[in-house]
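Below is one structure; the comments refer to it alone.
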Amino acid sequence: MQSGLAKYAARRLVLALFVLLAVVTFTFIVARVVPSDPAELYVGPKATAAQRERAQLELGLNRPLYVQYFDYLRGLLTGNWGISLKGHTSVLRDILTYLPATLEIIILANVIAVLVGIPLGVYSAVKKGSLLDQGGRLTAIAGVSIPSFWFALLLQLLFFGTLHILPLEGRLSVIVAIYYPVKTITGFYTLDSLLTLNFVGFVDSLRHLILPAIALATYPIGLITRMTRSMMIEVLRENYIRFARANGIIERVIIFKHALKNAIVPTLTVLGLSFAYSITGAVLIEIIFGWPGLGTYTLNAIIEADYPAILGVTIFGTIFYIVINLTLDIAQSYIDPRVRLT
Amino acid sequence: MSLKSSRTKLYAAVVIAIIAIAAIGGFYYYQLSQGPPVKPIAVYSYVSDFPDLDPSSAFEDEQIVLANTYEDLVYFDPSKEQPLQPWLATSWDVSTDGLTWTFHLRTGVTFHDGTPFNAQAVKFSLERTMTLGLGGAYIWDPVKAVNAVNDNTVELLLKYPAPVPQMASSQYAAWMMSPTIPTNATDWFNQGHDAGTGPYMMQSYQKGTQLTLEKYPNYWRGWSGSHFENIVFRVDRDPSVRLQAVQSGDADFTLDIPVDLLSTVQSNPNVKVVDSKAYRNLVGMINTVRAPTNSVLVRQAISYAFPYQDVIDSVWRGHARQSTGPVPSGMLGHFDDLTQYNLNLDKARQLLVQAGYPNGGFSLTLTYTSGDEVEKAVAELYKAQLAKLNIQLDIQEMTTRAKYALARGDPSQAQHIILFYWWPTYITAYDFLFNLFHSEKKHIFNFAYYNNPQYDKLIDDASQLEGTNTPQALQMYKQAQQIVVDDAASLFIFDQDTTIVYNARIQNFVDNPAYIETIFFYNIWETKG
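Quick mapping for you: the protein sequence lines, in order, are chains A and B.
Take the position in the first sequence, starting the count at 1, then add 301; the result is the number in our numbering.
Take the position in the second sequence, starting the count at 1, then add 1438; the result is the number in our numbering.
Have a look at this one:
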């Protein structure tokens, strides 16, 4: 089993490298074929001819495209992901600066989604046709179909505008940022503030997290509820469940121990994919809540045609996706030994 | 696993959770009660974030932060009779050939890390900016060398005469920084560090949302009197959020509020709205190469068909003025007595007859930036007027990049009219006159493709005289402007206002258009209440 797993992981990683290479190549070509003037973006619109020429040299834009491509590949491997044309900063460092903010909301959103979606799906399946089931199905449909940015605005109207109990946007309040600044260790403000025993910072950053996380959770909640419900209904029809019932095992144990464990595997896959997607796909929520995440960074990069930044984010997103996928497959084989890793 | 033990575990988890929440809550209130007394804080709710906080290369809107953390050798104050005010340099003089400028430096100034400000620091700052060669660094093109003559004297040797004190007061690429910064400091600056001499220094930076400054205790102008202790820049992309922030007291300053929203706060006693002339205008450059606008008569005719006053009244509700020539009003080098085109369709028809288009009958393309509601309204209003002359205006909405890409291609295929805004890097009429109308080998911003050797010579000569003989330089700028106005190389549409909305308790606030949208927080304070 162990060696099988290692072999499997190794094979998947090799395949992943090819996927990555294809993505890098494709993005590189697309980013460079689009008409734009990288040197001008880098050097600024009013630069002199001499400055432009120097920028061309500095960025290596005067060399053939294939040379630039191989240079870029070499840079990727050595951690040099290029310089943002707009901000003149290191792309990899920028991505790592923006990443924790995004991870913080998407992790919380997915935790909320699991905590709400799985019980809701299970009860819907168990009490099929009941009022609770109707409600659960409605929630699920609403979750997947309501535009999350619209829901986000409603949340702001209610919790900030009317009730005044949660902040409108941002990651920290002004006063807290000045008098109880959160020292950056991991970039996760909630974690960093706890690590430094800054409880004011912790409570404040948590309060700022709630609304964006809920808004971002609506889609996965719907997805998980629906998935869990249909899988549970299927599993509960199985013979071994009937057998367990006939043996007089308590219904709750049957549902949560025997049935759910078998029903949850596809749900996990779906959850993983939606998680990986939100790494750059949370842009609308990020903009509404003034949340400085990777989605916002990506959007700015695209608007400015800042191609090193676009390439960097694309490659980072691909790696993230591949890693999440692989982890999920391995996790599946642990939960359900019948899943063959081949 | 028995049911009982799982239930016990659940209870234990609940109890632990309650204890954890209580503990955090307790510490929260304890820390709050132990916190420092709240000192005066000013909050500026701004439109966008800051792509590059490197004082050498910043070229977007970063000056709103940098002007509070860094200082120039010279401060440009348009409200003064002599706008070039001594700042980190106390005086300067120029050799008779205009090629050597000597700056005498202020003593007793230190950078935020304690390093003394001196001639070496000036040399370091200018050379770093020139070597990087990014953003506004091009303004130093005339400079051949920077020499530290002694500790408090710096000499700039030029390749050709240029107005160095104006350049030294620039809002881009002229900030003085400490020589102690790390090599390749761009990333370091963008993680929230600074190395200036200004009244405030960087406290914390959350890239993309919030930047806070704290006062620099050893600032050379001292801290007697009322001042803010901390300054916060927060990024609010949505105008109604920004306006709401100032109305509710969460923020003290904001701007870039659409005019229809502005009218909702004009009666609010807690909020002040102030208009000041910005050094920024909207031009509609007219293609002088492509037919039919290659005819000066056609260009004049369509200049007489533009509804200038309508735009001021309906689009801006008075927060702008009709332009007179390419240099915006309020700026040195602007002249109110240049010829101004006004909406006059009869005159336009006569000119069309002379040009050989008695009944119009041609179409023109106009491009504007997508998402810019003002440019869009301008285009629509213009289309309606041109239609009366039987000229069809094809309006094309494009991204900034696409718009410029089209204009930088073959002029005979490019748009007839391109709308865009212009503002100067440092305060000189030459910035407008050179970038917009000076002949170019490769088209950069002269989208009229205007090519007039007489004009080129006038402005180039004037620019060289500007530092030593300003009145004569201004007269030459005026003459040059009259030439492009007569040639109708562009529609001169409006000179914009900067409209700042701020907390009415703020005292002593005056906008300085030489530093775009910048608030010099050291100069202002807040009354209690």
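All residues carry an ideal CB built from backbone N, CA and C; glycine is no exception.
Per-residue contacts from residue i into chain B (C-beta, under 9 Å)
i, result
"A/Gln352", "Gly1571, Leu1572, Ala1575, Tyr1576, Asp1579"
Length of the line joining the Cα atoms of residue i and residue j
i, j, result
"B/Val1453", "B/Ile1462", "14 Å"
"B/Arg1787", "B/Pro1796", "7 Å"
"B/Gln1738", "B/Trp1754", "25 Å"
"A/Met302", "A/Pro638", "Interpretation of A/Met302 is limited by its pLDDT of 49, a score under 50 that renders its predicted location unreliable; the figure taken from the coordinates is listed afterwards. Going from the Cα of A/Met302 to the Cα of A/Pro638 covers about 10 Å."
"B/Ile1921", "B/Phe1872", "14 Å"
"B/Ala1451", "A/Gln457", "32 Å"
"B/Val1592", "B/Pro1617", "15 Å"
"B/Gly1571", "A/Tyr635", "57 Å"
"B/Trp1963", "B/Tyr1717", "26 Å"
"A/Gln352", "B/Thr1569", "10 Å"
"B/Leu1844", "B/Gln1853", "7 Å"
"B/Met1439", "A/Ile625", "In this prediction, B/Met1439 has a pLDDT of 46, which is less than 50 and means its spatial position is unreliable; what the coordinates show is noted afterwards. Taking the straight line from one Cα to the other gives about 31 Å."
"B/Ser1483", "B/Tyr1940", "10 Å"
"B/Ile1459", "A/Tyr367", "58 Å"
"A/Ser449", "A/Ala577", "17 Å"
"B/Leu1831", "B/Ala1815", "13 Å"
"A/Phe461", "A/Leu537", "43 Å"
"A/Leu433", "A/Ile442", "14 Å"
Residues bridged to residue i (per DSSP)
i, result
"B/Ser1686", "Note: B/Ser1686 sits in no beta bridge, so no partner."
"B/Glu1652", "B/Met1639, B/Asn1668"
"B/Thr1805", "B/Gln1834, B/Ile1856"
"B/Ser1928", "B/Met1723"
"B/Ile1944", "B/Glu1964"
"B/Tyr1513", "B/Gln1523"
"B/Lys1710", "B/Tyr1940"
"B/Glu1878", "DSSP, once it has assigned bridges, lists no residue as partnering B/Glu1878."
"B/Thr1540", "B/Asp1531, B/Glu1593"
"B/Leu1586", "A quick correction: the sequence has Ala, not Leu, at residue 1586 of chain B. Paired residue(s): B/Val1592."
"B/Asp1933", "B/Asn1719, B/Arg1759"
"B/Val1453", "Partner(s): none; B/Val1453 has no beta bridge."
Beta-carbon proximity of residue i to residue j, cut-off 7 Å
i, j, result
"B/Ile1897", "B/Ala1918", "yes"
"B/Leu1781", "B/Pro1745", "yes"
"B/Val1684", "B/Ile1938", "no"
"B/Val1386", "B/Trp1658", "Residue 1386 of chain B is absent from the model: chain B starts at 1439 and stops at 1967."
"A/Ala516", "A/Ile419", "no"
"B/Pro1849", "B/Tyr1887", "yes"
"A/Val417", "A/Ile522", "yes"
"A/Trp592", "A/Pro468", "no"
Simplified DSSP assignment, three categories, for residue i
i, result
"A/Ile625", "helix"
"B/Trp1530", "strand"
"B/Met1723", "strand"
"B/Tyr1779", "coil"
"A/Met302", "Note on A/Met302: pLDDT 49, under 50, position unreliable in the model; the coordinate value appears next. Three-state result, A/Met302: coil."
"B/Pro1766", "coil"
"A/Met532", "helix"
"B/Pro1745", "coil"
"B/Thr1624", "helix"
"B/Asp1676", "coil"
"B/Ile1695", "coil"
"B/Arg1759", "strand"
"B/His1772", "coil"
"B/Asp1499", "coil"
"B/Thr1548", "strand"
"B/Gln1609", "coil"
"B/Ala1480", "strand"
Within chain A, the residues that residue i reaches when beta carbons sit closer than 9 Å
i, result
"B/Thr1624", "Ile384, Gly388, His389, Thr390, Ser391"
"B/Gly1768", "Here the premise fails: no neighbours, minimum Cβ distance about 21 Å."
Chain A residues whose Cβ lies nearer than 7 Å to that of residue i
i, result
"B/Asn1628", "Gly388, Thr390"
"B/Ser1495", "His389"
"B/Pro1764", "Per Cβ cutoff of 7 Å: no residues; B/Pro1764 is ~16 Å from chain A at best."
"B/Ser1642", "Ala478, Pro482"
Contacts that residue i makes with chain B (C-beta to C-beta distance below 8 Å)
i, result
"A/Pro420", "Result: empty, since nearest Cβ-Cβ is about 14 Å, beyond 8 Å."
"A/Ser506", "The contacting residues do not exist; A/Ser506 stays about 11 Å from chain B at best."
Chain A residues whose Cβ lies nearer than 8 Å to that of residue i
i, result
"B/Pro1474", "Tyr480"
"B/Val1481", "Val475"
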